[in-house]
Structures are given as structure tokens and as C-alpha cells.
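Down below is the structure, laid out as C-alpha cells.
In full-length UniProt numbering, the protein residues as written are 1 to 880.
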């Protein structure tokens, strides 16, 4: 018997069918060991010795693997074809070696890039040994992340109470987001004017042209700075006579893009489908593991964690064959297109993300996939086909018009282009290019031709600040800087959201005050370790380790010597020194200038004290220097200022036209809300998370008050589906069963088909939160409380579980990206919030006993000594 070890049980089942009865395929269910989240898991003073613990449920799986290994003549490690896959194989091999079951047994490593019969059988025919340099790179990366996290985080906790841990790559990604926010806040709009004319040629065909020069001076975008100058130019243009000065037509070529890598897939799925990075990877994982096609489970795409852009020769041949058959030979270039991978390490640069069979058209599988899967497969298929198609041929035309009046000369420019041959654009159009002038035709114009002017319009504009990063643009920037690796981007973003450092709203990343505080601290006291060049150079060293060019412990020694010394230097820092530095660094955020001439740091309550950052149990806030005489406090950040102002500004938004009742904005003990009517009969709705309370208008209020909204009758049951916003976020409801929606905005737009799909997907996942909830991922034991932690799937989405403690994962977090460290943070925060421990009892006490029955009054006795009065119980906190 031959034993094959893979990661996923879905894969195990499929591969077993392909290999037959001589093979036994078992799944490890991902990683089987990890570094426990506590001090001492990596020991720099002992040559970076690493202590691994076996995951709770992995013990059972490892026992099954060990038992099967004893009876096997050959052990085949067939985990995923990347660094993590190599590491899982290494961990399993270490466990089997420790249990002494490898004696006289052949151990081989095989990799396949797709779950198809051909790929798997080919892999079995070409085994190799475990890639030790790749494992070393994993060990170095894991040790670095641990050392940074468990060395830097305690410094944060001591110097900035309420701050959470700081990861090696997450901190740099957070810095990017915060720097963009700083740019937006510092931005000062600049006025400028544009000048556009409508003209007719001699045949009477209209076209537009924009001013390009005036009085011999070329005009750039900002060169008309005010209305006076704009009006002067406009009057001259209105009075001018025009002729065609020049006509220039240039043929250009647009080449197709390379097939998808992990990064470009995430970016395109974000811009075209609106998918988050984690959602893209979840859907891609399902496509990779496959669906049932004619009684056989087949993987639809190749492995989705890759930074390679090349395709296998047979895949290129098949792609070209499909193009010739479906589109015609005119769309097929003479030679196959070959793309060069940008990856610096060839060992980690696998084949691009592509369909396993290009003849499998998206419409052939759409009925067997959910909506998300069908959309993503369609996107991957089109990009792959387009990558081998002929270039698009475009003719771009530029026409210069000369206008003369009163001895003055101006030039107007018209641009147009015509797609002469669409080539790959017939299949795949990049959204970044869709807004250009392609296929915007100009009428026939000849040099010297007289042109009539129809109108001249001047428009005022103001420059706009740079846009906040989206997930896609941040990933693109990180890739450009060489920070992190494509396979880790989704988990990096999920961690930042889970720690409340950033919020993701309408696909834009906005830093919370807490995130900006941490970034400012690291920039001022650990600047080297959040520098882009330093982080990128460390990634290069990790790549060199996996290529066999560097020793992993040498890299760790160099890093640790300097890093630990720097951490030691901060131990003597006083919190007052830290706050003084942050007061300066975060001035615009902490003390925004209201433009009224007052000192932003003057206390608005007492008028004498100075406002300053202060730290408390739950983090930083703004307080008065005259405390305790003056008890003025404010949350840190613009959002805190807006909330404190909004709390005092109840206002009438307008009248509901259907009910003829006033709609008001109010703030109560549970936050801002809108209200229609008065007293007990009033209809109320809370302002959803992510909506700016200061910008709520009548239209938004009416939308909230209209909920729950009827979506339509379910086609199978005939029962109504409704959409609304509840305690756990946006949802659809059918026959008493809830299914979560992606965003609040979707509540108002979700259609019947989408609602039915969401409900069906929720039902397919099985029962919700509770004892029967299935574990999606095991995370090992809690380092201080004990007991096994796991990620489970519940009625309201995935959550982390430890005993009777359930901590909901932040929206958009990939359950498979949750680490033990993050789970510990979420569980500890939940215990602190509820006051209840793993056993469900109050922390630090026991469960309340039932009150004893009152006894009849006894006869009076001599008065006993008075006891000290019992302390009053604190009032229960309002539910958040």
C-alpha cells in the first residue's frame, strides 16, 4: 500500500479516485503544528530553536496518518505546490520521524498544479525530494514574524495601553494606509478652469476640441487659475475664425496582458466583480478543488497562489486551438506569446492561474457553480484566452485647430481613435483602459480646412486629493514595493481589519485613530522596521534562502542582533515622552484646526488647560491638563470629534412624504439613530456601522426607516424573502432563517436571484453557531487559559471559539487566514467585554446563587457590631 498525504479532505477524496485501490490518501487538514503564541517559542539564544505544538484536532489526524504509515511501503507527500505546502509536508515528516515509523520506507514529494487526472498521474511519475531551502525560507519567515510580533507587541502594550500587536508586514501595510490619509488631510484644493469648444467641419459634422495653447504658450491643466483669465480667453475664442492647422494619424498597437497571478487576480476581481481579496481567494480555492462533472470531481483552475505568469506548453497549445476554433485564425498570432515572470525566486514562481481545460467554456459550468464561482471562472477564462490572442490595432488621430482674433492666436486640440482590429479586446477589456478615447471617431478633416465654431464653454474645477487605497490598489502598491508576498496579502488585510486598525467601507481602506496612533509610534521609535526599503530587502533575503543562496539562521542572527538592541533602548522611555512625541506627530488628527483663530489645543470646557493625548485602560484619548478639576475628554481622531459634536446636534431632516411626519436625527445612549413620528408609535432605525452620522440626510434616513424590505417570493416555497439590518449586520430572511449579506448597501439593492443564492449557500453550510457548528480551522490551545481554539461557522458568520466564549470575526476576514495570535486577541477582548470566562461564569467569581427564601422576623437581640457597608454594584453596561 502507498500512502499519499494531501492538505484538503476534498482533494483526498478526488485523488483517491484517480489513483485506485493501491493507494490510500489522507488529509492533514492544513498545518498540523505551529509555534504556540507565547514567550519562548523561538529562542534566539539557543541558535533560534523553535518549539512546535501539535494542533488539538490534528492529533487525531496525525494518529491516523501514523497508523497508515506503519503499513505503507511508500509515503508520498503531495501537499500544495508552494512554500506553505512544502512546510506542511516537512511538519508531517518530522512527526512521523519522531514516532519512528519511517525506517526502511521510501519517502517522496510530488507536486501538481491542478487537480485533474492527468496532472496527478504525471506528478506521481516524477517524484522529488523535499525542498529543504524552501522549508528553510518558511522557518525564517515564521521565526521573523514571531520575533517581531512577540517582541514589539509588549512594547506597544506598555507604552500605549489599549494598542494591539504589530506584525512585521501588517505594520508596513498600515503605514501605507495612514500615509495616504495624511496626504488627504494635508491636501489643499487648487482652482483651475477648462475650455472646451464644439465645432463643425465643412460637412456639418460636430466634434469637440479643448484648448491647448494661448498666445504661443502651451497650457497645462492648471494654467488657467481663475475665472477672470478664463473669461478673457473664452471671449477671444468666441470671436476667432478657425481652420485646421494639422491632422496627424498614428497607428498604435495594444498587446494583451499576461495570465493572472494571485495578485493580479485579486486586483481584477476587486475592480470588476467587487470581491474583497479574501473573498477572491475563498472562491478560487473552491474552483481549484473542483466540482462534480459527470460523476467525477474535476478542478476547474490551476493552483491560485502563485506569482508566475507562464503557462505550461500544452496549456498554451490548447489555448491557441480554442482561439482558432471559436474566434478564427485572424485572432491567432503567428507565434505563441511567452510571458516572463517578475518573481525573484523561480522556485516559488509556479504556473499562472488558468483554467485546467480551456475547452471548458464558462457557460458550460455556470449552472454547476454558485454565482461567485461562475463570475470568477469567467474572468479567469477570458484573461487566459486573451493572453494568447492577437494584439488590438488602433489608429489614434490628433487634430490641431488654429483660431485667430484681434491679433491673438489660440490652438484647440481634438483627439480621437478608431479600433481597426479589436484582437484580444473582443474577449477581455482592462477597466483602467475602458475610459479612454478608443473608438471615439473624428469626422474627416483636412489641413487648411475652414471650421465653424458652435460654442465655447469654460468650466471651473478644483484639484482633488489622492483617493484612499482600495484593497486592489494597496495590493498593487505592496507588490510594487516588494512588501510581503501575493499569497499573504489577503490575510494581511484581514488582520488589520480584525485589530480595528482600519475599516473597509465601499472597498476603501480608512485608518482608525488606533491604527494611526500605532503607526506614529512605530515611525518615531522603530522607524527602520516600518521602512519600505528595509522590509523589501528582508523579503529579498527570504527569497535568497529559498533559492539556496543564503543560510536562514544567518539572516535571523543579523536581524535579531540589531532589532533586540533597539527594543532594549525603548525600555527606559517614559510614557510622557512617548505622548509628547505623538502630540507633535498627530497634531492635525488629535487637535484639528477649526479655522476660528483659536488655539486647537485650548480646552473647550475650562479654557485654561491644554489638550493632550492621554492613555487609559482602553487606549488613547484626548484629555485636559487640568484634570481632575476639568474632566473634559474626547476620542482620538476626527471621527471622535464628529461623534461628540453629533451627539449634541439632534435635528429635523425633513418630512416623510408617505406619512406626512417629521424625520429627525438623534443621538441616544446606544449611538446615533433616525426617527419618524413621536412617542411609542415612532419608527426608529440605528445608523449602520460604516455610515458617517454627520452626513445623514433625509433620503438615507427614509431608506433606513423603510426596512425591513421585501425582496420577493422564494421560487420554491412561495414565502416572502425580506432584507434588513440586524445586530449582526445586513441580512436576508426566509422562513425564520437568516443569511448575511456583504454590505449594508446591498440590503437596499439585493435582487431575488442573489437573495435565493445567499440563502441556499447558507443552508448548505449547515447549522449555525452552537455545539453542532463545524470547525473550519483548528488553532491549538490558548496559551494562558488552556483549551482548544477553533474557527467555526455560525448562523451570523464565522467566529472564534474557546469553550463557551465565541468571538465573531470582523467582516471580510477569511476564516482560513485567522492565526492563533489573532484568535487569542479576539477571545481575550470578548472575555474582557462580557466579563464571562471559558466556563461561562463571571471572571474572578462564581455563578450567582438563587436568592434564599425570606425567614420570619426573629425576636430582637442585642445590636451586633456594624459591618462596613457593602460596595455598590456597578450598573450593567449598555449592550453595544
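We put the beta carbon where it would ideally sit given N, CA and C, even for glycine.
Being a predicted model, the structure only gives us computed values, none of them experimental.
- Contact between residue 283 and residue 373 holds: their C-beta atoms lie close to 6 Å from each other, under 8 Å.
- Cα atoms of residue 413 and residue 233: separation of roughly 15 Å, rounded to the nearest angstrom.
- For residue 313, the enclosing alpha helix (DSSP H) has its first and last residue at 313–326.
- With 16 or more neighbouring CB atoms inside 10 Å of its own CB, residue 356 falls in the buried class.
- Across the structure, residue 751 and residue 711 are spaced so that their CA atoms are roughly 6 Å apart.
- In the structure shown, residue 553 adopts helical secondary structure according to DSSP, grouped into three states.
- For residue 448, same chain residues with a beta-carbon under 8 Å away, outside a window of 5 residues either side, are 243, 244 in chain order.
- Within the same chain, Cβ atoms closer than 8 Å to the Cβ of residue 741 are found at 723, 729, 730, 731, 732, 747, 750, 758, the five residues on either side in sequence being excluded.
- When only Cα atoms are considered, residue 684 and residue 78 end up about 57 Å apart.
- Secondary structure in the segment 563–621: the beta strand (DSSP E) runs of 3 residues or longer, each lying completely within the stretch, are 611–616 in chain order.
- Leaving aside the five residues that flank residue 797 on each side, the residues in its chain whose CB is nearer than 6 Å to its CB run, in chain order, 740.
- In this structure, DSSP gives residue 737 an extended state, which the three-state scheme calls strand.
- Here the alpha carbon of residue 181 sits roughly 29 Å from the alpha carbon of residue 704.
- In the three-state reduction of the DSSP assignment, residue 623 falls in the strand class, which pools E and B.
- Look at residue 224 here: in three-state DSSP terms it is coil, with no helix or strand label.
- Inter-residue distance for residue 23 and residue 65 is about 13 Å (C-alpha atoms, whole angstroms).
- Under the DSSP assignment, residue 193 falls in the beta strand (DSSP E) whose first and last residues are 191–200.
- Residue pairing from DSSP leaves residue 288 without any beta-bridge partner.
- For the pair residue 287 and residue 69, the Cα-to-Cα distance works out to about 30 Å.
- A check of alpha carbon separations from residue 394 across 255, 763, 840, 221 identifies 255 as the nearest.
- Counting along the chain, residue 518 sits inside the alpha helix (DSSP H) bounded by residues 513–525.
- Counting only the Cα atoms, residue 83 lies some 6 Å from residue 138.
- By the Cβ criterion, the segment 324–337 is not in contact with the segment 507–521, since fewer than three pairs of Cβ atoms, one from each stretch, lie closer than 8 Å.
- Note on geometry: alpha-carbon atoms of residue 429 and residue 14 lie some 35 Å from one another.
- With 16 or more neighbouring CB atoms inside 10 Å of its own CB, residue 168 falls in the buried class.
- The beta-carbon separation of residue 386 and residue 353, rounded to 14 Å, does not stay under the 8 Å limit for a contact.
- Distance between residue 131 and residue 504, taken at the CA atoms: about 38 Å.
- The three-state secondary structure of residue 206, taken from DSSP, is strand.
- Excluding the 5 residues flanking it on each side, residue 133 has same chain C-beta neighbours closer than 6 Å at 546, 548, in chain order.
- Residue 483 is positioned such that its CB atom lies no closer than 8 Å to that of residue 529.
- Taking residue 229 as the centre and dropping the five residues before and after it, the same chain places the C-beta of 193 closer than 8 Å to its C-beta, in chain order.
- Burial is judged here by how many other beta carbons sit within 10 angstroms of a residue's own beta carbon; residue 543 has at least 16 and is buried.
- With a contact defined as Cβ atoms closer than 8 Å, residue 655 and residue 664 miss out at about 11 Å.
- Closest by C-alpha distance to residue 615, out of 468, 472, 576, 338, is 576.
- Beyond the five residues adjoining it in sequence on each side, residue 189 comes within less than 7 Å, by CB distance, of 462, 463 in the same chain, given in chain order.
- In the DSSP annotation of this structure, the continuous segment of the alpha helix (DSSP H) that includes residue 149 starts and ends at 132–159.
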